[in-house]
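>
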Amino acid sequence: MPNSENTNLKKTGLYKDNIQTRRRIAALFQYFCALVTWTGVFLLALLLYQVSVDGIQWLDMQFLSSFPSRFPYKAGIKSALVGTFWLITLIAIISIPVGVATALYLHEFSRKGRIHKLIQLNISNLAGVPSIVYGIIGLTIFVRGLALERSLISGALTMSLLILPVIIIASREAIQAVPMSTRHAAFALGATRWQTAWAHVLPTAFPGILTGVILALSRAIGETAPLIMIGALTYVAFLPEGPMDSFTALPIQIFNWVSRPQEEFHELAAGAIIVLLAVLLIMNATAIYIRHKTEQKLK
Amino acid sequence: MNPQTTPEASDSENPISIPENSVLDLQKVSISYSGNPAVNGVSFPIAEHKITSIIGPSGCGKSTLLRSLNRMNDFVDGVTLDGQILYMGQDLYGNDIDPVALRRRIGMVFQKPNPFPKSIYKNVAWGPSINGYIGSMDELVEQSLVQAALWEEVKDRLHESALGLSGGQQQRLCIARALAMSPDILLMDEPCSALDPISTAHIEDLLFELKSNYTIVIVTHNMQQASRASDYTAFLELGNLIEFGTTRQIFTVPQQKRTEEYVTGRFG
Ligand SMILES: Nc1ncnc2c1ncn2[C@@H]1O[C@H](COP(=O)(O)OP(=O)(O)OP(=O)(O)O)[C@@H](O)[C@H]1O
Ligand SMILES: [Mg+2]
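Listed in order, the protein sequences are those of chains A and B.
Sequential numbering from 1 applies to the first sequence in my numbering.
Sequential numbering from 1 applies to the second sequence in my numbering.
#1: In or out: B/Asn2 buried (at least 16 other Cβ within 10 Å) or exposed?
#2: Considering only DSSP beta bridges, list what A/Ser131 is partnered with.
#3: Counting only beta-carbon atoms, is B/Ile46 nearer than 8 angstroms to chain A?
#4: Given this structure, state the Cα-to-Cα distance separating B/Asp82 from A/Ala174, to the nearest angstrom.
#5: Check each residue of the region 190-221 of chain A: if its Cβ is closer than 7 angstroms to any Cβ of chain B, include it; give the result in chain order.
#6: When you compare the CB positions of A/Ser65 and A/Gly76, do they come within less than 8 angstroms of one another, or not?
#7: Go through the region 99-166 of chain B residue by residue and report every complete run of the alpha helix (DSSP H) that reaches 4 residues or more, in order.
#8: Mind checking if A/Phe109 is an interface residue toward chain B, Cβ cutoff 8 angstroms exclusive?
#9: At a CB-CB cut-off below 7 angstroms, which residues of chain B make contact with A/Lys112?
#10: Determine whether the beta carbon atoms of B/Val29 and B/Ser68 lie at a separation below 8 angstroms.
#11: Contact check, B/Pro191 vs B/Ala162 under 8 angstroms by CB: the rounded distance?
#12: Could you pull the DSSP bridge partners for B/Gln90 from this structure?
#13: I want to check one thing, is the minimum distance from the CB of B/Thr64 to the heavy atoms of ligand 3 below 7 angstroms?
#14: If you draw a straight line from the C-alpha of B/His221 to the C-alpha of B/Ser227, how long is it?
#15: Could you list which residues in chain B have their beta carbon closer than 8 angstroms to that of A/Ala185, in chain order?
#16: Give me the chain A residues within the contact set of B/Trp151, using Cβ-Cβ distance strictly less than 7 angstroms, ordered along the chain.
#17: Could you check the C-alpha separation between B/Arg258 and B/Ile242 for me, to the nearest Å?
#18: Skipping 5 residues on each side, what residues in its chain have a beta carbon closer than 6 angstroms to that of B/Gln4?
#19: Shorter than 8 angstroms from the beta carbon of B/Ala101 to some beta carbon of chain D?
#20: Counting beta carbon pairs with one atom in the region 116-135 of chain A and one in the region 221-237 of chain A, are three or more of them shorter than 8 angstroms?
#21: Could you check whether the Cβ of B/Met137 sits closer than 8 angstroms to any Cβ belonging to chain A?
#22: Please name the residue, chosen from A/Ala270, A/Leu268, A/Leu215, that lies closest to A/Ile88 on a Cα-to-Cα basis.
#23: Helix, strand or coil for B/Ala9, going by three-state DSSP, please let me know.
#24: Applying the criterion that 16 or more other CB atoms from any shown protein chain within 10 Å of the CB defines a buried residue, is B/Gln171 buried or exposed?
#25: Would you say B/Gln171 touches ligand 2, meaning its beta carbon is less than 7 angstroms from a heavy atom?
#26: So which residues on chain A does B/Asn70 lean against when the C-beta distance must stay under 8 angstroms?
#27: Against B/Met181, what residues of chain A qualify as contacts under a CB-to-CB distance less than 8 angstroms, listed in chain order?
#28: From B/Asn70, B/Gly61, B/Gly167, B/Gln111, pick the residue whose C-alpha is nearest to that of B/Asp189; which is it?
#29: Just to confirm, is the Cβ distance from A/Thr140 to A/Val178 under 8 angstroms?
#30: On the DSSP bridge list, what partners appear for B/Glu204?
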């Protein structure tokens with residue numbers, strides 16, 4: 001049966017019989033994509049392996065629960081780890097509401113005029129501004145201007161600025177993906193824009209927003225340059241107790257250790273990198289879990 | 001009602017066979033999208049507790065006109081409306097009309113079923129709950145689903161997702177959702193276009209039952225449906241009202257040649 005169909009197809013004289021060529025191009029492209037993907041995976045694996053080999057021996061409770069020290073075997077990441085947790089929490093508290101609300105406003109409430117377009121464009125541009133620039137802004141506005149000093153809150157505000165564009169863009173995409181017909185259904189029942197947004201747009205967009213937020217926070221967790229710029233300390237032998245305290249964070253600690261000459265400190269840095277990666281993985285896993293749960297509910 | 005007819009129905013200021021009580025009165029309504037006219041000077045009344053169907057070829061402005069009746073066009077950028085639509089004597093586009101409150105009184109069922117991605121129960125209950133309904137929600141949900149001829153099929157799965165229903169069931173759910181608000185007027189934009197003949201028949205039966213309590217305006221491409229189900233019919237073409245009258249009149253003794261050609265399927 002398929003054979004006779006095939007011959008039938010070949011007979012239609014107005015078409016070139018190019019199915020073989022098209023197949024070959026498709027296959028070629030597929031191999032190319034696979035190659036590129038696996039190269040990336042391989043390099044990443046290599047990196048992880050190298051870091052693990054260097055750092056794993058230093059990973060123990062003592063490493064997690066000690067302050068930094070001049071002596072490698074006494075040194076730990078306690079203050080950096082706690083600082084990172086503080087920082088991430090503050091960044092999340094600041095950037096998620098602001099980012100999601102901005103996206104919601106831009107898509108659901110504002111008039112779609114020229115100013116709207118301009119703002120959209122600029123947000124996309126802001127996402128590409130080097131992080132050091134945000135560091136300078138943070139130093140000028142928060143550290144000096146608002147006299148917040150080299151505190152956690154300065155760091156968190158600066159980082160929030162840095163990741164806001166990413167959160168806004170991701171949230172906007174997710175909000176845009178909510179079908180118009182859902183909104184119309186709500187409006188036709190006499191719902192206000194806010195009721196519609198809150199009850200239907202946000203819940204439907206939630207998985208997408210969450211993905212964006214986690215990506216953004218992951219970026220924030222690893223950023224070093226802006227923190228150095230605003231003057232996070234590199235040697236901290238105490239734990240921050242509030243947002244106004246000075247602090248250090250994992251990437252700063254890593255940066256600090258890597259820049260020392262002794263080999264042991266390089267290995268300590270590798271250990272800290274493993275911890276940083278673990279924190280990232282846990283965050284991502286949690287996000288994937290929550291997203292899965294909510295998507296299940298929407299089905 | 002035994003309407004007498006005049007030959008130039010579309011031109012007359014007062015279309016013949018005016019329904020006794022009109023809840024909505026379209027007066028020279030013109031609608032354009034960023035300057036492109038879609039509806040030109042259309043006037044006809046919509047009778048209380050009757051079914052009015054709007055028919056006409058694709059793109060003639062049926063949906064546009066229907067959406068203007070509960071101000072859903074407000075959500076489309078660049079839409080302008082001239083003329084007047086009177087809702088129980090009040091200008092629908094007047095400053096003292098709150099569109100949100102208006103849509104609560106004039107419900108709408110869309111061409112494509114658009115249930116919320118939530119449970120069947122929540123789909124029906126959401127409208128009443130945001131509008132401050134204080135009666136028994138369970139009863140209201142049941143009653144609405146019964147009215148929409150869906151209750152028997154879903155009563156055991158009220159808390160499952162509405163997206164798991166078939167297309168026809170989803171559309172009846174959307175009708176139930178609209179009915180739960182007990183609107184004065186129900187606007188339906190080709191509610192059966194995505195449905196099989198059996199679901200369509202279900203919905204037509206439903207229309208008959210709803211008629212005693214609701215005023216219904218239905219856009220349809222289905223001539224049988226218009227002739228079977230509706231009391232009045234408006235025929236649009238290229239944004240112009242060609243003819244308005246009782247359905248019997250439009251389908252048996254149309255005054256305009258275009259109307260005759262269209263309803264008998266000889267439209268070109
Ligand atoms: N959102 C819009 N923006 C611009 N033009 C529109 C919009 N919606 C409709 N139109 C135009 O207005 C005219 C009338 O469209 P409308 O959707 O009212 O037609 P219709 O009679 O409902 O057609 P159909 O039977 O295919 O649904 C068409 O020319 C259409 O292209
Ligand atoms: Mg239409």
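Note that beta-carbon positions come from the ideal geometry of N, C-alpha and C, so glycine has one too.
Values in this document were obtained by computation on a predicted structure and should not be read as measured data.
According to the data block:
#1: Because the pLDDT of B/Asn2 is 43, which lies under 50, any placement of that residue in the model is unreliable, and the number read from its coordinates should be weighed accordingly. So B/Asn2 ends up on the exposed side.
#2: BP columns for A/Ser131 are empty, so no partner.
#3: It does not: the Cβ of B/Ile46 has no partner Cβ on chain A nearer than 8 angstroms.
#4: B/Asp82 and A/Ala174: Cα-Cα distance of roughly 36 angstroms.
#5: Within the region 190-221 of chain A, the residues whose Cβ lies closer than 7 angstroms to some Cβ of chain B are Gly190, Ala191, Thr192, Gln195, Ala199, His200, Thr204, listed in chain order.
#6: By the CB criterion at 8 angstroms, A/Ser65 and A/Gly76 fall inside the cutoff.
#7: DSSP assignment within the region 99-166 of chain B yields the following whole alpha helix (DSSP H) runs of 4 residues or more, N-terminal first: 99-105, 120-130, 137-147, 151-154.
#8: Residue-level contact by beta carbon fails for A/Phe109 and chain B, as no gap is shorter than 8 angstroms.
#9: Within chain B, the residues Asp77 have their CB atoms less than 7 angstroms from the CB of A/Lys112, given in chain order.
#10: Cβ atoms of B/Val29 and B/Ser68: closer than 8 angstroms.
#11: Contact doesn't hold; Cβ gap of about 16 angstroms is too wide.
#12: In the DSSP output, where bridge partners are listed per residue, B/Gln90 has B/Tyr87.
#13: Looking for ligand 3 in the displayed structure turns up nothing; the ligands present are ligand 1 and ligand 2.
#14: Rounded to the nearest angstrom, the two C-alpha atoms are 11 angstroms apart.
#15: Against chain B, a Cβ distance below 8 angstroms from A/Ala185 picks out Phe110, Asn114, Pro115, Phe116, Cys174, Arg177.
#16: Ordered by position in chain A, no residue passes the 7 angstroms Cβ test against B/Trp151, which lies about 20 angstroms from the chain.
#17: Spanning the two alpha carbons is a distance of roughly 8 angstroms.
#18: Note that B/Gln4 scores 44 on pLDDT, short of 50, meaning its location in the model is unreliable and no value can be drawn from it.
#19: Looking at the structure shown, chain D is missing, and the protein chains on hand are A and B.
#20: With the cut-off at 8 angstroms, the region 221-237 of chain A and the region 116-135 of chain A touch.
#21: Not closer than 8 angstroms to any Cβ of chain A, the Cβ of B/Met137 fails to qualify, so no.
#22: For A/Ile88, the nearest C-alpha among the options comes from A/Leu215.
#23: Unreliable placement is indicated for B/Ala9, whose pLDDT of 41 sits below 50; no coordinate value is reported for it.
#24: The residue is buried, with at least 16 neighbouring Cβ atoms inside 10 Å.
#25: Checking every heavy atom of ligand 2 against the Cβ of B/Gln171, none is found closer than 7 angstroms.
#26: By Cβ distance, chain A contributes Ala188.
#27: Those within 8 angstroms of B/Met181 in chain A are Leu189, Gly190.
#28: Comparing alpha carbon positions, the residue from B/Asn70, B/Gly61, B/Gly167, B/Gln111 closest to B/Asp189 is B/Gln111.
#29: With contacts defined as CB atoms closer than 8 angstroms, A/Thr140 and A/Val178 fail to qualify as a contacting pair.
#30: According to DSSP, which records beta bridges pairwise, B/Glu204 is partnered with nothing at all.
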